[in-house]
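The sequence shown begins at 1 in full-length UniProt numbering and counts up one residue at a time. Quick reminder that beta carbons are idealized off the backbone N, C-alpha and C, glycines included. Notes follow once the structure below has been shown.
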Amino acid sequence: MLTGKIGVTTARNATGSAAAAQARAWAEQLDALYVERPHNMGVDELMAQYDLATLVVGEKEGPRIHSAAGSFAYHPGMAVLRLQQLKRGATEHLLTALDLRPGKRVLDATLGLAADAAISAYAVGEAGTVVGLEASPLLYFAVSYGLKNYVAEDADLTAALRRIQPVQALAEDYLAQCAPDSFDVVYFDPMFRHPVNGAKGMEALRPLSYEEALSAETLQLALKAAPRVVIKERSEYILREYGCEEFIGGKYSRIKYGIIKR
1 MLTGKIGVTT ARNATGSAAA AQARAWAEQL DALYVERPHN MGVDELMAQY
51 DLATLVVGEK EGPRIHSAAG SFAYHPGMAV LRLQQLKRGA TEHLLTALDL
101 RPGKRVLDAT LGLAADAAIS AYAVGEAGTV VGLEASPLLY FAVSYGLKNY
151 VAEDADLTAA LRRIQPVQAL AEDYLAQCAP DSFDVVYFDP MFRHPVNGAK
201 GMEALRPLSY EEALSAETLQ LALKAAPRVV IKERSEYILR EYGCEEFIGG
251 KYSRIKYGII KR
């Protein structure tokens, strides 16, 4: 996970006091440095001048996070296409693995960009619950803003995003305080931290991610919180090492879902 000084500033063309006030509020929220931005100064210059590892820029659409690896602003990513396909009757292996239907309670322990959480929230509907955990403060900041404010072309996707309840927490810490059977299923996506090679648009996001291995202790806590745990990984071999005995995924898919039941 990225370390070093964090700065927050306005967009280059921002005018008026509202943009500066928003940037100052974000800086306070992130315990970061507010940087007053001259109109003629670019992001790289600001980062160099203030020795920043990360700079959050308040753009019209929301916060954009800049680091040496690139820049990132919230977008639901593949959830857009996946929801379209789901509505057309396509099989969504995630939903099969999670065994979701309206009203179910889901804990997504590795929220990331919330693409999987969005599909889950659509499936469980208004009667269901989707809680998403994100350990990285910067990633949580950007994604939680997006969940509240991003407007998709598909109204159902927008509604699903709004139903996700983001929580900034380590999975093991959150699970340790969960009462037994707080959820119907707990989901882990360790692949988000180490994506398939060639995944586009993820390089700028990688330094923001919390990269902690999924431990046996965390899995035991998950099995206390829910009778079903699902893990997403590249191979059945890795999933078997976690203790999975059931597997969901297409024959030629690069990913598999492993299931552990209490």
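- Note that the C-beta distance between Gly77 and Ala27 is not below 7 Å.
- Contact annotation: Tyr140 and Gln168 have beta-carbon atoms nearer than 7 Å.
- Rounded to whole angstroms, the separation of the alpha carbons of Gln22 and Gly16 is 11 Å.
- Boundaries of the alpha helix (DSSP H) around Gly146: Pro137 to Asn149.
- In chain order, Val57, Ser71 and Ala73 place their CB closer than 6 Å to the CB of Arg64, counting only its own chain and leaving out the 5 sequence neighbours on each side.
- For the beta strand (DSSP E) assignment, the region 14-51 encloses no uninterrupted run of at least 3 residues.
- For the pair of segments examined, the region 158-166 was found to touch the region 121-137: the number of CB pairs separated by less than 8 Å reaches three.
- Residue range Ala155 to Arg163 is occupied by the alpha helix (DSSP H) that includes Asp156.
- With a cutoff of 7 Å on beta-carbon distance, Val186 and Ala222 are scored as near each other.
- For the pair Val124 and Leu98, the CB atoms are not nearer than the 7 Å cut-off.
- In the structure shown, the three-state DSSP call for Gln168 is strand.
- The Cβ atoms of Ile6 and Ala32 sit closer than 7 Å to each other.
- Only exposed fits His39, as fewer than 16 other CB atoms lie within 10 angstroms of its CB.
- Secondary structure in the region 100-137: the beta strand (DSSP E) runs of 3 residues or longer, each lying completely within the stretch, are 105-108 and 129-134 in chain order.
- Distance from the CA of Pro137 to the CA of Leu55, rounded to the nearest whole angstrom, comes to 14 Å.
- Only exposed fits Gly89, as fewer than 16 other CB atoms lie within 10 angstroms of its CB.
- Taking a 10 Å sphere around the C-beta of Leu239, we find 16 or more other C-beta atoms and assign the residue as buried.
- Going by C-alpha positions, Tyr237 is about 32 Å away from His75.
- Close CB contacts of Leu46 within its chain, under the 8 Å cut and outside five residues either way in sequence, are with Gly7, Thr9, Val35, Arg37, Leu52 and Leu55 (chain order).
- As a beta-bridge residue in DSSP terms, Lys232 pairs with Tyr257.
- Inclusion of Gly250 and Tyr257 in the CB contact set at 7 Å is not warranted, their separation being larger than that value.
- The three-state secondary structure of Leu55, taken from DSSP, is strand.
- Between Phe188 and Leu214, the C-beta spacing is below 7 Å.
- Following the DSSP letters along the chain, one finds Ala73 in no alpha helix (DSSP H) but inside the beta strand (DSSP E) bounded by residues Gly70 to Ala73.
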